[in-house]
Amino acid sequence: WQTISGEHGLDGSGVYNGTSDLQLERMNVYFNEASGNKYVPRAVLVDLEPGTMDAVRAGPFGQLFRPDNFVFGQSGAGKNW
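Numbering-wise (UniProt numbering), the sequence shown opens with residue 1 and increments by one.
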């Protein structure tokens with residue numbers, strides 16, 4: 001998401017700071033436009049344990065995602081594959 005956001009001129013919170021109209025073309029392939037010129041990824045993040053989701057939220061692009069697009073369990077797979 002960091003690469004895609006950079007290509008479209010978005011910062012870590014989803015605000016457009018680009019310099020080219022070309023960056024806004026086809027923005028809707030990866031992002032939905034929210035209020036206040038903020039763009040949110042069209043993605044649902046799913047995992048069996050909350051640790052990975054916490055790592056995404058704490059990262060530089062953690063504010064990019066909507067909180068209700070995180071789906072996770074509480075205990076993980078217990079190393080069962």
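We put the beta carbon where it would ideally sit given N, CA and C, even for glycine.
Q. From Asn69, Ala58, Gln74, pick the residue whose C-alpha is nearest to that of Leu48; which is it?
A. The sequence position of residue 48 within the sequence shown is 48, counting from 1. Cα-wise, what sits closest to Leu48 is Gln74.
- request: Would you kindly check if the distance between the Cβ of Leu64 and the Cβ of Ser13 is under 8 angstroms?
  value: As a position in the sequence shown, residue 13 is number 13, starting the count at 1. As a position in the sequence shown, residue 64 is number 64, starting the count at 1. Cβ distance < 8 angstroms, so Ser13 and Leu64 count as in contact.
| How big is the Cα-Cα spacing for Phe61 and Trp1? | Here residue 61 corresponds to residue number 61 of the sequence shown, with the count starting at 1. Here residue 1 corresponds to residue number 1 of the sequence shown, with the count starting at 1. Each residue's alpha carbon lies about 8 angstroms from the other.
request  = Pick helix, strand or coil for Leu22, following the three-state DSSP scheme.
outcome  = Along the sequence shown, one-based indexing puts residue 22 at 22. Residue state, collapsed to three classes: helix.
Quiz item: By how many angstroms is the C-alpha of Thr3 removed from the C-alpha of Val44?
Solution: As a working mapping, residue 44 is identified with position 44 in the sequence shown. As a working mapping, residue 3 is identified with position 3 in the sequence shown. The straight-line gap from Cα to Cα measures roughly 18 angstroms.
For a quick check, are the C-beta atoms of Tyr16 and Tyr39 less than 8 angstroms apart? As a working note, residue 16 is residue 16 in the sequence shown. As a working note, residue 39 is residue 39 in the sequence shown. Yes, the Cβ-Cβ distance between Tyr16 and Tyr39 is below 8 angstroms.
Note down the Cα distance separating Gly59 from Pro67, rounded to an integer number of angstroms. Reading the sequence shown from its first residue, position 59 is the one you call residue 59. Reading the sequence shown from its first residue, position 67 is the one you call residue 67. For Gly59 and Pro67, the distance between alpha carbons rounds to 14 angstroms.
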